[in-house]
Amino acid sequence: MGSLRLLTLMARLSWRRDAAFRTDALLRFLSGFLEFVILLCLYGLALSHVGKPPGWDYPDMVLLLAATDLVDSVFGFACSSLARLPSHVLDGTLDRLLLVPVPTLVLVSFNRFRWDYVFRFPVPILAMVWAAVSKGMLLSLPRVLGYVAALLCGFVLRWALTATVASLSLLLVRVDSLFYLISEVIGLARYPSAVFPGFCRMVFYVIPILFIANVPVSVLTSPNPWRFLLYALTAATVWGVIADRAFVLCLHRYTGVS
Amino acid sequence: MRKYSVVFRMQVKSARAYVLNLLFSALCVAVPLFGVLLFWRALFQDPQVRIAGYGQSDIMAYYLITRLIGDAVSSEWWEIGENIREGRLHLFILKPLDYVGYYFSQMLGANLMTIVVTSVVLAPLTCILTAKGYFAAPSPSTLLLFSIAVAGGIALGFLIGMAFQLCAFWLGETSGLNNLRYLLTTLLMGAYFPLDFLGPRFASVLTRLPFSYQLYFPAKLFLGQLDRNSALAGLAWQWGWVAVTLAIVRLIWKQGIRRYESVGG
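Heads up: the protein sequence lines correspond to chains A and B, in order. Here the first sequence stands for residues 1 to 258, where the numbers follow this note's numbering. Here the second sequence stands for residues 1001 to 1265, where the numbers follow this note's numbering.
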């Protein structure tokens, strides 16, 4: 209950901050929107002039980009503060956060909400609808709900991977490069699974990069979506537990650096 | 000059103190490169196909070289704007130190280590691709011109970033502006794709803008796609832009510092 009240307070304070710097929030929204459009154009240009990855045409690629962008947007909205965990460790402000009577992982993950990301949601949703219409797909309500659930699993996985790496800063102090590294690895989620050779594909199902966006697309396009949804739910649960345990384990060995 | 060399050495020492962190930063370059190379390999089913004159080997070589120098020419120093917004700038302006020079020395120190480690990681890949004929091994004179072009690219990237960060004197919060600037410069410097993809008319305009001299021009130089005259003319344009952006940064600083207020202790 305390966590929920704190999250509501953080969301309200973040709203006020974003409203106070609304030009800045608008520019952030614009840059996110433009990046999405640039990637759509690049994929369009490449696929129309060169070739296609096996089994992926342009609408499939749009679906993949839309799924990646939706997961990114939810993560950017809710978890932008998680990136600050290593700097909290480095400058010693984590000690102060540990005294707040709510779970520390919740506090460091969700203490800053970026409202501009919410305004980004319609863009990938429109792209997804366009791609679905282009492919002549019939979107039933259960399938759309399954897609939303798979996207939420993608968000949990993204959070879990980032939180696990951020937790290492409690042991290693300076992990900013490792943090960027995991962001780059997560960035591979925007590529279709078909571009990865067999062994890499297996690795990216274990480090669940391909569950973040590829699996939600499969939930939307596959004749048997529930199997993919089950995989996504299982991966999200397993990695959620791993992230939580990793943080607790690292916290037990944390000695404070302030 | 001595004080700036001390700042430079401190930054190098700081980077060396965390070796693991440094190694991870090299992997940060390798991972997206891995993704982009696999993506284009999957697209080029037919090796004869070309896009804007780029075949499979050209595109692989282009992305390899742009990833190798990409981080060095577009390093971000977010604390420049934060110092202004949060009133910490007085810590610098009370010292006999040029603010731009201080961060330039820091950036050089950080970039030196990044370039060294990235080169170690990517050198074997470059050798393999050269041996396989993806691109010709550059001659010593090309390497010399390339080094000058990379130095110019680093200076340009820093100065353009600095100019936008200094807008914090007027805007307070500049993260949105810098996100947008970062995205647009990434596009215009040719990091997403070679500028030639946009067609000859657009490309001829974009290649004269300062951003293309950060990355696109050094990459073309390294890949041997420019003759000697074009390379020298390009270097003249590049360093001309360095002078112009330096003048702009100085002007913004001069105007901005008049508005600056630091309240409290």
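Glycine is no exception: its CB is placed at the ideal position from the N, C-alpha and C atoms.
Status (buried if at least 16 other CB within 10 Å, exposed otherwise) for residue i
i, result
"A:V215", "buried"
"B:N1083", "buried"
"A:E35", "buried"
"A:S167", "buried"
"B:M1162", "buried"
"B:E1261", "exposed"
"A:I209", "buried"
"B:V1249", "buried"
"A:V203", "exposed"
"A:W15", "exposed"
"A:L9", "exposed"
"B:V1086", "The residue you asked about is not Val; residue 1086 of chain B is Glu in the sequence shown. Classification of B:E1086: exposed, given that the 10 Å Cβ count is below 16."
"B:M1010", "exposed"
"A:D57", "exposed"
"B:A1191", "buried"
"B:W1241", "buried"
"A:A131", "buried"
"B:H1090", "exposed"
"A:H252", "exposed"
Closest by C-alpha distance to residue i, when choosing among the options
i, options, result
"B:L1226", "B:Y1102, B:L1143, B:W1239 and B:P1210", "B:L1143"
"A:L272", "B:L1023, B:L1068 and B:A1015", "With chain A covering 1 to 258 only, the question about residue 272 of chain A has no answer from this structure."
"B:K1220", "B:P1032, B:G1176 and B:L1195", "B:L1195"
"A:R5", "A:F110, A:C200 and A:S48", "A:F110"
"A:G55", "A:S177, A:A160, A:S218 and A:R253", "A:S218"
"B:A1042", "A:G51, A:R114 and A:P208", "A:G51"
"A:L65", "A:F77, A:L90, A:L230 and A:V37", "A:V37"
"B:V958", "B:F1202, B:W1239, B:L1027 and B:R1250", "Since the first residue of chain B shown is 1001 and the last is 1265, residue 958 of chain B is not available in this structure."
"B:L1064", "B:V1029, B:A1243, B:A1151 and B:V1205", "B:V1029"
"A:V108", "A:D95, A:R120 and A:D18", "A:D95"
"A:V195", "B:F1034, B:Q1011 and B:S1005", "B:F1034"
"A:L152", "A:R245, A:G2 and A:T234", "A:T234"
"A:Y43", "B:D1046, B:I1051 and B:P1047", "B:I1051"
"A:R28", "B:G1172, B:Q1106, B:L1068 and B:G1176", "B:G1176"
"B:K1013", "B:G1055, B:R1201, B:L1232 and B:Q1106", "B:Q1106"
"A:L105", "A:L39, A:V165, A:G146 and A:R22", "A:V165"
"B:R1258", "B:F1104, B:L1156 and B:I1093", "B:I1093"
"A:R143", "A:F21, A:T237 and A:F228", "A:F228"
"A:G32", "B:L1183, B:L1129 and B:L1020", "B:L1183"
Helix, strand or coil at residue i according to DSSP, with G and I counted as helix
i, result
"B:T1207", "coil"
"B:G1240", "helix"
"B:Q1165", "helix"
"A:W56", "coil"
"B:G1109", "helix"
"B:D1098", "coil"
"A:Y254", "coil"
"B:F1135", "coil"
"B:E954", "Look at the range of chain B in this structure, 1001 to 1265, and you will see that residue 954 of chain B is not part of it."
"A:S261", "A query on residue 261 of chain A cannot be resolved here, the shown segment of chain A reaching from 1 to 258 and no further."
"A:Y231", "helix"
"B:S1262", "coil"
"B:Y1103", "helix"
"A:T237", "helix"
"A:N224", "coil"
"A:A213", "coil"
"A:P142", "helix"
"B:E1173", "coil"
"B:P1124", "helix"
"A:I207", "coil"
"A:Y147", "helix"
"B:Y1004", "helix"
"A:V74", "helix"
"A:L168", "coil"
"A:F196", "coil"
Short CB-CB distance (under 8 Å) between residue i and chain C
i, result
"B:E1082", "Absence of chain C from the displayed structure is noted, the protein chains being A and B."
> When Cβ atoms are compared, which residues of the segment 1177-1188 of chain B fall closer than 8 Å to chain A?
Replying inline: L1177, N1179, L1180, Y1182, L1183, L1184 and L1187
> Which residues, in chain order, does the segment 1042-1062 of chain B contribute to contact with chain A at a C-beta distance below 7 Å?
Replying inline: Answer set for the segment 1042-1062 of chain B: A1042, L1043, F1044, Q1045, D1046, V1049 and I1051.
> What are the start and end residues of each continuous beta strand (DSSP E) run of 3 or more residues lying completely inside the segment 1037-1080 of chain B, in chain order?
Replying inline: none
>> Which complete alpha helix (DSSP H) runs does the segment 79-140 of chain A hold, if anything under 4 residues is left out?
In response: 85-91, 94-98, 104-109 and 122-134
>> Please identify, using Cβ separations under 9 Å, the residues of the segment 168-182 of chain A that lie next to chain B, in order along the chain.
In response: L172, V173, R174, V175, D176, S177, L178, F179, Y180 and L181
> Of the residues that make up the segment 119-132 of chain A, which ones have a beta carbon closer than 7 Å to any beta carbon in chain B?
Replying inline: none
> Considering only residues of the segment 14-47 of chain A, which uninterrupted alpha helix (DSSP H) runs meet the minimum length of 4 residues and lie entirely inside it, listed in chain order?
Replying inline: none
> What residues from the segment 1027-1040 of chain B come within 7 Å of chain A, judged by C-beta to C-beta, listed N to C?
Replying inline: Cβ contacts with chain A come from L1027, C1028, V1031, P1032, G1035, L1038 and F1039.
> Which whole runs of the alpha helix (DSSP H) in the segment 1176-1237 of chain B are 4 residues long or more, in chain order?
Replying inline: 1200-1206 and 1216-1222
> Relative to chain A, which residues along the segment 1099-1124 of chain B have a C-beta separation below 7 Å, given in chain order?
Replying inline: none
> Listed from N- to C-terminal order along the chain, which residues in the segment 1186-1212 of chain B have their beta-carbon within a distance smaller than 7 Å of any beta-carbon of chain A?
Replying inline: Taking a C-beta cut-off of 7 Å against chain A, the contacting residues of the segment 1186-1212 of chain B are L1187, Y1192, F1193 and F1197, listed in chain order.
> Taking Cβ-Cβ distances below 8 Å as the criterion, which residues of the segment 48-63 of chain A are in contact with chain B?
Replying inline: Cβ proximity to chain B below 8 Å picks out H49, V50, G51, K52, P53 and P54 from the segment 48-63 of chain A.
>> What are the residues in the segment 1161-1177 of chain B lying within 8 Å of chain A by C-beta distance?
In response: Within the segment 1161-1177 of chain B, those residues whose Cβ lies closer than 8 Å to any Cβ of chain A are, in chain order, L1171, G1172, E1173, T1174, S1175, G1176 and L1177.
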